[in-house]
Structure formats: C-alpha cells, structure tokens
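Colleague: Here you go, one structure.
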Amino acid sequence: MSVTLRLRTTPSLRLDLRGLLPTTLAGLNAGVIEKLPLGLGRDTVPLAEFFDVARLGDEPLLVLQGDLSRCDRIGWQMAGGRLVVAGSVGDWLGAGMTAGHVHVQGSARDLAACEMAGGELLVDGNVGDFAACAQPGSMDGMRGGTLVVRGNAGQRFADRMRRGTVFVHGDAGDFFASRLVAGSVAIAGRVGAHPGYGMRRGSLVFAGPAPALPETTVPAIVGTPVIWQLLARSLQRQGGAFGGLAQRAVQRHLGDLAVGGRGEWLLAT
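Taken in order, the sequence shown gives residues 5 to 273; the numbers are from the numbering used here.
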C-alpha cells in the first residue's frame, strides 16, 4: 500500500532515512511504521518523532512531504516501487538504487545518484557536487539507469561514471564528466573548467553552448550520421534544448587522448 510521510518538524541534526522504501513500507501498518528507527546524528529516534504517517491506496508508493534538506539517503539502495518527494532533500539521494522511480520536486544536495545501477531518478531543481559519481573509496560511479536534472549540477558531475544515461537541463560546474569510463552524458547549458578531463570512453552530448575543447581532443575523421540519428532521437524525448536534436548537425571530436582517446564529444550545431 502507498504511504505518505509528512515532516512535522525540522531535525536539529542530519536525519538518515535509509530503509524508508516503497516496497519495504508497503506491508507495514501505520503503527509499525511510526516505530521504525531513524538515525539522528549518532543516535536513533522513532520515525513518529518527526513524521506523521498516512496510508492511502494499494500501489507501492512512498510520498515524502516537507522540506527534507536535512534528511539524507532518501531512496538509498531502492530496488522497486515509486518514491515522490514534495520538497528538497539532503545528501545521497538515490545512491545505489537498482530499480524503481524517484521524483524529487525540489533540489538535492551532494552525491545524488551516487553508484546508481538502475531505475529512474528525476530532480526538478538542482543537484550539488559529485552527482552520479563514485562513493568515497570506490572506483566506479553511476553504473546504470537514468538521471535527469532539470536545474543545474555542481562540480564533478558524473565523475567515474561507468554506465547509464544522464541529462542536465541547466549548467554544470568544473570537471564535468571527469574520468568518464562509459555511458552517455547530455547537457543543455554551460559547463565549468576541465570538462571531460581524463575520460576513457563514453559520449558527451552538448545540446547548448559548445565548450572550449581541450588540447587533448581531436576532430573525428569519420562521421557517424546513423548513430547520431539514433542517439539524438533517444535524447530528444527529454524536451527542452534536447528536443529537435535529430534535426541538427553534429561535430564529433575524440578524446581524452591522454588516456586512450576512445571517448567522444558530440557538439550539436
């Protein structure tokens, strides 16, 4: 059954919401949900101390209401169902998720979609630094699924990303898609310094202003019109600056040559 949790009061410390997942809460009654432990700093508190609980229909849906910007690990390792947040959230949004759909009707802080392996994650606002990247101490970043950011992204977006597709409708900070291993990264706005630094493979699609190309990229000798049409038609479903990509020409560059040069830069013109 679907569950709605409304934040009653803002926590004084960071509140850890890992374990609050649609499929997990679907089989629990309101009384049990109210007693679930949440991490508050170094202690644990019952869920009812901060949230009001309501049960609705039969769908495996979890709705979180309120300003949850001090609440971390929402959708942590989520493996199914739907999660909707009517507000902004803290760090580690959707980290490690493998399936399901998460929609945040606000912004997220750092490490959103960190090591995400499947499912769909949509953020209506901005995301902070290190989104779609690797967790501290890990070698691989985002490993699958789809991430859509309708606002701006911070620094090191998609760092060490290995698989999946990400969209940024706004701007991004420095080291955009740095050390990219594979996957598709599309952006409609501007990027900061050192985009694609150390990228090994993968595709960077620039639907908006073309960035200054680093010296470690070179123009591709052979064009890929068929592949571009297939990729552009897939990306243009996102609308906005991505809509109509299939009707635009493309300039293709290869890089980063310092690490093999098998990545590609696709600049829509």
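For glycine and all other residues, C-beta sits at the position ideal for the given N, C-alpha and C. Treat the numbers as computed from the prediction; the structure is a model and nothing was measured.
1. Tell me where the alpha helix (DSSP H) around Leu-4 begins and ends.
2. Alpha helix (DSSP H) containing Leu-217: first to last residue?
3. Would you grab the beta carbon distance between Arg-256 and Gly-212 for me? Rounded to a whole angstrom, and I think it's under 8 Å.
4. Is Met-146 buried or exposed, if buried means 16 or more other CB atoms sit within 10 Å of its CB?
5. Ignoring anything shorter than 3 residues or poking outside the segment 31-90, list the beta strand (DSSP E) runs there in chain order.
6. Between Ala-135 and Val-36, what straight-line distance do the alpha-carbon atoms span, to the nearest angstrom?
7. Would you report the Cα separation of Arg-22 and Ala-224, rounded to the nearest angstrom?
8. Between Gly-129 and Ala-103, which are expected to be in contact by the criterion C-beta below 8 Å, what is the C-beta distance as a whole number of angstroms?
9. What's the C-alpha gap between Gln-69 and Asp-62?
10. Could you say which of Leu-40, Arg-205 and Val-170 lies nearest to Glu-268 if we only look at CA atoms?
11. In or out: Asn-33 buried (at least 16 other Cβ within 10 Å) or exposed?
12. Which same chain residues end up closer than 8 Å to Gly-155 when comparing Cβ atoms and leaving out the 5 residues on each side of it in sequence?
13. Please go through the segment 147-199 and give each complete beta strand (DSSP E) segment of 3 or more residues, from N-terminal end onward.
14. For Phe-210, does the three-state DSSP call read helix, strand or coil?
15. Note down, in chain order, each residue of its chain lying with its Cβ closer than 6 Å to the Cβ of Gly-193, except the 5 sequence neighbours on either side.
16. Under three-state DSSP, which class holds Val-127?
17. Within its chain, find whatever has a CB closer than 6 Å to the CB of Thr-169; leave out the 5 residues flanking it on each side and keep chain order.
18. Bridge partners of Trp-269, per DSSP?
19. Just grab the DSSP bridge partners of Arg-10 for me.
20. Kindly indicate which three-state DSSP category Val-226 falls into: helix, strand or coil?
21. Who are the Cβ neighbours of Gly-43 in its own chain at under 6 Å, not counting the five residues just before and after it?
22. Does Ala-197 pass the burial test, meaning 16 or more other C-beta atoms within 10 Å, or should it be called exposed?
23. Based on the DSSP output, what are the partners of Ala-103 in its beta bridges?
24. With DSSP collapsed to three states, give me the class of Leu-29.
25. Do Val-57 and Leu-29 count as a contact pair if the criterion is CB distance below 7 Å?
26. Give me, in chain order, the residues of the same chain whose beta-carbon lies closer than 7 Å to that of Ala-186; leave out the 5 immediate sequence neighbours on both sides.
27. Identify which residue in Ala-52, Met-82, Asp-95 and Phe-54 has its Cα closest to the Cα of Pro-64.
28. What does the alpha-carbon distance come out to for the pair Asp-260 and Pro-50?
Modeller: On the basis of the data shown:
1. Because the chain spans 5 through 273 in this model, residue 4 falls outside it and cannot be assessed.
2. Segment: none, Leu-217 is in no alpha helix (DSSP H) and carries neither H nor E.
3. Going by Cβ atoms, the distance from Arg-256 to Gly-212 rounds to 17 Å, so no, they are not a contact pair.
4. buried
5. 41-44, 47-50, 55-59, 65-69 and 83-90
6. 33 Å
7. 45 Å
8. That belief does not hold up - the Cβ atoms of Gly-129 and Ala-103 are roughly 24 Å apart, past 8 Å.
9. 19 Å
10. Arg-205
11. exposed
12. Ser-111, Val-127, Asp-128, Gly-129, Asn-130, Val-131, His-173 and Gly-174
13. 147-153, 167-172 and 188-191
14. strand
15. Gly-174, Asp-175 and Gly-212
16. strand
17. Thr-150 and Ser-188
18. Leu-208 and His-257
19. Asp-56 and Gln-69
20. coil
21. Asp-20
22. exposed
23. Ala-83
24. helix
25. no
26. Arg-166, Arg-167, Arg-205 and Gly-206
27. Met-82
28. 50 Å
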